[in-house]
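Working notes, structure below.
Protein chains: 2
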Amino acid sequence: MGRWEPGASGRLREAALALYLERGFEQTMVADIAERAGVTARTFFRYFGDKREVLFDGSSELEERSLAALEAAPATASALDAVSAALDAAAETIGDNRDLARARQRVITANASLRERELIKLTSMSAAVAGGLRQRGIGDAEASLAAETGIAVFRVAFERWVNAAEDRDFGDVIHETLTQLRTLTAAS
Amino acid sequence: MGRWEPGASGRLREAALALYLERGFEQTMVADIAERAGVTARTFFRYFGDKREVLFDGSSELEERSLAALEAAPATASALDAVSAALDAAAETIGDNRDLARARQRVITANASLRERELIKLTSMSAAVAGGLRQRGIGDAEASLAAETGIAVFRVAFERWVNAAEDRDFGDVIHETLTQLRTLTAAS
Numbered sequence: 001m002g003r004w005e006p007g008a009s010g011r012l013r014e015a016a017l018a019l020y021l022e023r024g025f026e027q028t029m030v031a032d033i034a035e036r037a038g039v040t041a042r043t044f045f046r047y048f049g050d051k052r053e054v055l056f057d058g059s060s061e062l063e064e065r066s067l068a069a070l071e072a073a074p075a076t077a078s079a080l081d082a083v084s085a086a087l088d089a090a091a092e093t094i095g096d097n098r099d100l101a102r103a104r105q106r107v108i109t110a111n112a113s114l115r116e117r118e119l120i121k122l123t124s125m126s127a128a129v130a131g132g133l134r135q136r137g138i139g140d141a142e143a144s145l146a147a148e149t150g151i152a153v154f155r156v157a158f159e160r161w162v163n164a165a166e167d168r169d170f171g172d173v174i175h176e177t178l179t180q181l182r183t184l185t186a187a188s
Numbered sequence: 001m002g003r004w005e006p007g008a009s010g011r012l013r014e015a016a017l018a019l020y021l022e023r024g025f026e027q028t029m030v031a032d033i034a035e036r037a038g039v040t041a042r043t044f045f046r047y048f049g050d051k052r053e054v055l056f057d058g059s060s061e062l063e064e065r066s067l068a069a070l071e072a073a074p075a076t077a078s079a080l081d082a083v084s085a086a087l088d089a090a091a092e093t094i095g096d097n098r099d100l101a102r103a104r105q106r107v108i109t110a111n112a113s114l115r116e117r118e119l120i121k122l123t124s125m126s127a128a129v130a131g132g133l134r135q136r137g138i139g140d141a142e143a144s145l146a147a148e149t150g151i152a153v154f155r156v157a158f159e160r161w162v163n164a165a166e167d168r169d170f171g172d173v174i175h176e177t178l179t180q181l182r183t184l185t186a187a188s
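Taken in sequence, the protein lines are chains B and S.
So the first sequence is numbered by the UniProt record's numbering: it starts at 1 and just counts up by one.
So the second sequence is numbered by the UniProt record's numbering: it starts at 1 and just counts up by one.
Quick look at the structure:
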């Protein structure tokens with residue numbers, strides 16, 4: 001009880017998502033999640049601050065990896081190429097586990113306060129990417145626009161990827177969406 | 001008392017914005033707004049459901065006008081041109097009163113729950129624009145991407161316009177941002 005439990009964090013995450021889908025997020029208690037995962041509530045709190053954090057604790061890793069890729073892009077890369085590198089890193093971070101991403105998305109879509117949290121997360125990501133672009137010497141105006149455009153591509157690609165019947169990689173869907181953006185803006 | 005008050009809605013809006021800036025949104029009561037505007041609280045509630053609605057009651061007009069412009073765009077217009085027509089209509093709707101837009105933005109930026117409300121409004125706008133594009137016969141994937149891109153342009157242009165020292169029209173800033181988007185996506 002309360003000791004280190006190998007694999008507990010993964011089991012807790014799976015149990016939480018299953019219960020959020022079965023009963024709804026609001027109706028699920030931390031004690032239910034712990035019971036389903038075969039651990040104590042105390043063990044739950046060793047890994048997650050609350051039941052919402054199970055859904056959002058990947059955000060900081062996503063942001064860190066994306067920003068690292070943005071920073072590592074060649075100095076000659078255009079603003080959108082740098083953003084594209086960040087999107088690739090995001091796809092690698094999320095893309096390992098499509099079932100998890102799908103379950104998470106269904107839970108979030110079903111709950112207004114979780115949808116708000118997700119929107120805030122994306123807005124904060126946009127601000128961070130704009131900051132990273134400014135550090136690359138890109139002007140304020142272009143940096144904000146490239147970041148917002150990148151978030152738009154991410155949102156659309158993510159929705160396609162979690163909803164698609166087929167099994168393409170998230171990275172492939174991101175590239176397709178970026179190509180479509182170039183076509184869209186070149187068309188007129 | 002409670003009768004029709006000519007100009008009361010405009011006075012209430014100005015009084016509310018002034019108080020939100022002076023005292024903060026949370027600290028302002030409907031009674032304070034009514035008193036500042038020289039009307040009763042009952043008159044306030046003839047125009048606005050609550051103190052938050054003073055800030056967001058323009059949203060439905062904005063959405064209606066933007067969607068009407070989208071629908072009225074020539075059948076030959078590309079997805080992004082149709083979105084651009086919607087953005088022009090949005091600029092016309094908002095652009096009349098820059099001081100009001102600025103004050104409103106400062107109030108919203110200062111309050112987390114208002115920022116969330118604004119994000120939700122933009123997301124709903126994006127969904128509505130995507131729906132309008134699908135009605136023009138544009139495929140799902142392209143419609144979502146064009147709508148999200150349009151919202152990205154709107155956000156960036158709006159921020160520039162309310163923050164800029166100069167006095168360009170909101171429509172001009174939108175056009176400049178759209179041109180910048182084309183340059184950005186063509187650059188690589």
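Glycine included, every Cβ here is placed at the ideal spot set by N, Cα and C.
Enclosing alpha helix (DSSP H) for residue i [first to last residue]
i	result
B:Ala-130	112-135
B:Arg-23	8-23
B:Asn-163	140-163
S:Phe-44	41-47
S:Gly-95	79-95
S:Arg-36	30-37
B:Ala-69	59-72
B:Arg-104	98-109
B:Thr-185	170-186
S:Glu-26	Neither: S:Glu-26 is in no alpha helix (DSSP H) and is coded neither H nor E.
Top-ranked residue by Cα proximity to residue i, from the options
i	options	result
B:Ile-108	B:Thr-183, B:Glu-159, B:Ile-33	B:Glu-159
B:Asp-81	B:Ala-165, B:Leu-70, B:Ala-91	B:Leu-70
S:Gln-140	S:Ala-79, S:Glu-26, S:Ala-101, S:Ile-33	What sits at residue 140 of chain S in the sequence shown is Asp, not Gln. If we check each option's Cα against that of S:Asp-140, S:Ala-79 comes out closest.
B:Gly-24	B:Arg-106, B:Lys-121, B:Glu-53	B:Arg-106
B:Ala-130	B:Tyr-47, B:Ala-77, B:Leu-19, B:Leu-67	B:Leu-67
S:Phe-48	S:Thr-123, S:Ala-147, S:Gln-180, S:Gly-10	S:Gly-10
S:Ile-138	S:Val-83, S:Val-153, S:Ala-157	S:Val-83
S:Phe-45	S:Glu-64, S:Ala-8, S:Glu-61, S:Leu-21	S:Ala-8
B:Ala-77	B:Leu-133, B:Asp-32, B:Val-54	B:Leu-133
B:Asp-99	B:Arg-65, B:Ala-89, B:Ala-31, B:Asp-169	B:Asp-169
B:Asp-167	B:Arg-13, B:Asp-88, B:Asn-97	B:Asn-97
S:Ala-90	S:Ala-110, S:Arg-65, S:Glu-22	S:Arg-65
B:Gln-180	S:Ala-164, S:Glu-148, S:Glu-142	S:Glu-142
S:Asp-88	S:Ala-157, S:Ser-60, S:Ala-31	S:Ala-157
B:Glu-92	B:Glu-61, B:Phe-56, B:Leu-55	B:Glu-61
Below-8 Å beta-carbon distance, residue i vs any chain S residue
i	result
B:Thr-123	yes
B:Glu-71	no
B:Leu-181	yes
B:Thr-40	no
B:Arg-160	yes
B:Asp-169	no
B:Thr-109	no
B:Ser-9	no
B:Ser-59	no
B:Ala-186	yes
B:Arg-134	no
B:Thr-149	yes
B:Ala-152	yes
Distance CB(residue i)-CB(residue j) smaller than 8 Å
i	j	result
S:Thr-162	S:Ala-101	Note that residue 162 of chain S is Val in the sequence shown here, rather than Thr. In this structure, S:Ala-101 lies closer than 8 Å to S:Val-162 by Cβ.
S:Leu-17	S:Arg-104	yes
S:Ile-120	B:Leu-119	yes
B:Gly-171	B:Gly-95	yes
B:Ala-34	B:Thr-28	no
S:Arg-52	S:Arg-136	no
S:Leu-178	S:Val-153	yes
B:Ala-128	B:Glu-63	yes
Rounded separation between residue i and residue j - CA only
i	j	result
S:Met-1	B:Ala-186	Unreliable positioning characterises S:Met-1 in this predicted model, as indicated by a pLDDT of 44, which lies under 50. A coordinate reading is not provided.
S:Glu-26	S:Ala-75	47 Å
B:Ala-86	B:His-175	12 Å
B:Gly-58	S:Leu-145	25 Å
S:Ser-126	B:Thr-40	43 Å
B:Ala-73	S:Leu-184	16 Å
S:Tyr-20	S:Leu-114	12 Å
B:Val-54	B:Arg-36	15 Å
B:Glu-148	B:Asn-111	25 Å
S:Val-30	S:Glu-22	15 Å
S:Arg-13	S:Ser-124	24 Å
Contact with chain B by residue i, beta-carbon distance below 8 Å
i	result
S:Ser-66	no
S:Ile-174	no
S:Ala-79	yes
S:Glu-142	yes
S:Thr-177	yes
S:Arg-155	yes
S:Met-1	The predicted position of S:Met-1 is uncertain, since its pLDDT is 44 and thus under 50; no value can be drawn from it.
Contacts that residue i makes with chain D (C-beta to C-beta distance below 9 Å)
i	result
B:Ile-120	In summary, chain D is missing from the structure at hand, where the protein chains are B and S.
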